[in-house]
Amino acid sequence: MKIVRADTIVASPTRNFVTLKVTTDDGTTGLGDATLNGRELAAAAYLQDHVAPLLIGKDPQRIEDTWQFLYRSGYWRRGPVTMAAIAAVDMALWDIKGKIAGLPVYQLLGGASRTGLRAYGHASGATLPELFDSIRTHLDRGYTAIRVQTAVPGITALYGVASQPQPSGERYDYEPGGRGSVPVEEDWDTDAYLRHVPGVFEAVRNEFGPALPLLHDAHHRLTPIQAAKLGKALEPYNLFWLEDCTPAENQDGLRLVRQHTVTPLAIGEVFNTVWDYQTLIREQLIDYVRASATHFGGITPLRKLVDYAAQYQIKSGFHGPTDVSPVGLAAQLHLGLAIHNFGIQEYMEHSSLTHTVFQSAATFVDGQLHPGDQPGLGVGIDEEAAAAFPYQRAYLPYSRLHDGTVHDW
Ligand code: KDG
Ligand code: MG
1 MKIVRADTIV
11 ASPTRNFVTL
21 KVTTDDGTTG
31 LGDATLNGRE
41 LAAAAYLQDH
51 VAPLLIGKDP
61 QRIEDTWQFL
71 YRSGYWRRGP
81 VTMAAIAAVD
91 MALWDIKGKI
101 AGLPVYQLLG
111 GASRTGLRAY
121 GHASGATLPE
131 LFDSIRTHLD
141 RGYTAIRVQT
151 AVPGITALYG
161 VASQPQPSGE
171 RYDYEPGGRG
181 SVPVEEDWDT
191 DAYLRHVPGV
201 FEAVRNEFGP
211 ALPLLHDAHH
221 RLTPIQAAKL
231 GKALEPYNLF
241 WLEDCTPAEN
251 QDGLRLVRQH
261 TVTPLAIGEV
271 FNTVWDYQTL
281 IREQLIDYVR
291 ASATHFGGIT
301 PLRKLVDYAA
311 QYQIKSGFHG
321 PTDVSPVGLA
331 AQLHLGLAIH
341 NFGIQEYMEH
351 SSLTHTVFQS
361 AATFVDGQLH
371 PGDQPGLGVG
381 IDEEAAAAFP
391 YQRAYLPYSR
401 LHDGTVHDW
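Note that this note's numbering has the sequence shown beginning at 1, numbered continuously upward.
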């Protein structure tokens, strides 16, 4: 069996997605996701100009060998562009292998370890009543775990708060990318944030009781000692996890956080290889790995990461925002279903327009995701529909402190 085509499809139904379609000489096709929010064309060019020509004539069944070839032969290892491109190839080959075998990918990974994947949804509010309404809406939709993001007095536009007006005058809705031809500038005030957030969690606990799993994303903005302070302040409210409390490029910094708090920590949505996690896992400085199949080189290395993490009782919490396409989401649903150390799956539902381009067999029932039982990944692409939504320039926002200093977003 040989690969005869590798096509890169860039489409923007609501937001930009980069999809690789690999075709074999018997007409079998496989899809992979290389979407890199705000830098989509770089991943598309890497795939189209540098990777696709190397795939022609290769045996699609040799997934590990192809992964190692693309990772090592490029010489310039790692980085989100490279790893998103490799991820797309890896997913497409798993998709093809599943189709050849007539099995969903989770069966090839060892079969189901559970009936479905508990998902958490994104609740948010500019005020407490609005936040409570948002949590209730998510509970009504079946979610059994809720991420809580809140506006903060003194900060005008803050990641994750859907109804909050932003400098462009629009709501923050849906997702932070895709808003204009230059990055939107947001503001940030660490002290205001640290003063406000614990009170919000106290109010949420008082309203919804002690049992509801609550999560919070600090979105890389704190220093280790600030993160330690927040983790400690949130302990009475028993979070499921505190996410990305620091940028974590300095893995050693997490020792300091860990020494001070027992709030569980989740890190790594921007990581792209196991090396980014090495100290964090070996020293048990985190509780959940946040990598996505899309930005981590695909299913093959993500499997290795969670197997490494399992030895330290660290679980998965794969990154599932809308900038991971339905193909990328399916890849991690198959893996999450198969592994033993599944923790939770982030689920930010794709828009209905996105579903006109991607047809996914995945389901969300009673708070649980399932990838479905179609052979392969279970996602198709309507290329005609995709062509109707050409690429649109989009950037993620960035932050400045009130004195003008650029801050981590
Ligand atoms: O592209 C950036 C998003 O993926 C990120 O802001 C989403 O932090 C995020 C999350 O936890 O979903
Ligand atoms: Mg996050």
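Each residue gets a CB set at the ideal place from its N, CA and C atoms; glycine is no exception.
Please read all numbers here as calculations on a predicted model, not as lab measurements.
Outcome for residue i when other beta-carbon atoms lying within 10 angstroms are tallied against a minimum of 16
i	result
TRP76	exposed
ILE155	buried
ASN206	exposed
SER124	buried
GLU243	buried
ARG393	exposed
LEU401	exposed
THR363	exposed
ASP191	exposed
THR246	buried
TRP94	buried
ALA388	exposed
PHE26	Here residue 26 is Asp; the residue named in the question, Phe, does not match the sequence. It counts as exposed.
ILE225	exposed
Segment limits, alpha helix (DSSP H) that includes residue i
i	result
GLU170	Unbroken run through GLU170: none, as it is neither H nor E.
LEU412	Given that the chain is displayed from residue 1 to residue 409, the structure contains no residue 412 and the question cannot be resolved.
ALA338	326–338
GLY98	80–101
HIS138	128–140
Span of the beta strand (DSSP E) around residue i
i	result
GLN359	358–360
TRP188	185–188
ARG118	117–125
HIS370	368–370
GLN149	146–150
LYS21	17–24
LEU396	Neither: LEU396 is in no beta strand (DSSP E) and is coded neither H nor E.
GLU243	241–243
HIS216	214–217
LEU31	29–33
ARG5	3–11
GLY253	Unbroken run through GLY253 is the alpha helix (DSSP H), 253–260; no beta strand (DSSP E).
THR363	363–365
GLY380	379–381
Distance, residue j Cα to residue i Cα
i	j	result
TYR66	SER351	Note on identity: in this sequence residue 66 is Thr, with Tyr being the wrong assignment. Spanning the two alpha carbons is a distance of roughly 33 Å.
LEU128	TYR172	17 Å
ALA126	PRO165	9 Å
GLN332	GLY298	9 Å
SER73	THR82	12 Å
PHE318	GLY169	32 Å
CYS353	VAL324	In the sequence as displayed, the identity of residue 353 is Leu instead of Cys. Each residue's alpha carbon lies about 15 Å from the other.
SER12	LYS58	30 Å
GLN48	ARG303	26 Å
VAL182	ASN272	26 Å
VAL365	TYR106	18 Å
ARG255	HIS295	25 Å
LEU215	LEU55	41 Å
GLU64	THR300	7 Å
GLU384	LEU369	28 Å
ALA44	GLY79	14 Å
ARG136	ALA211	15 Å
GLU346	ILE146	10 Å
GLN374	PRO104	5 Å
ASP307	ASP403	45 Å
ASP133	GLY376	38 Å
ASP408	GLU349	26 Å
Neighbourhood of residue i by C-beta distance below 7 Å, restricted to the same chain and skipping five residues each side
i	result
LEU70	VAL51, ILE86 and VAL89
GLU202	TYR237
THR24	MET1, LYS2, ILE3, VAL4, PRO60 and ILE96
ALA7	Before going on, a small fix: residue 7 reads as Asp here, not Ala. Same-chain partners within the cutoff: LYS21.
SER360	PRO326, ALA330, GLY378 and VAL379
Other residues of its chain near residue i: CB distance less than 6 Å, five sequence neighbours each side excluded
i	result
GLN251	THR279 and LEU280
TYR288	TRP241, ALA266, LYS315, GLY317 and GLY343
TYR193	VAL152
Same chain only: Cβ atoms within 8 Å of residue i, ignoring 5 sequence neighbours per side
i	result
ARG282	TYR312
LEU285	GLN251, LEU254, ARG255, VAL257, ARG258, LEU265 and THR279
TRP275	ARG78
ASP189	VAL152, GLY154, ILE155, LEU401 and HIS402
**Request:** Please determine if the region 95–115 and the region 328–347 are in contact, where contact requires at least 3 C-beta pairs separated by less than 8 Å.
**Result:** yes
**the region 13–21 touching the region 302–321, judged by at least three CB pairs closer than 8 Å** = no
**Message:** Could you check whether the region 225–235 touches the region 253–269, counting it as contact only if at least three pairs of C-beta atoms, one from each stretch, sit closer than 8 Å?
**Reply:** yes
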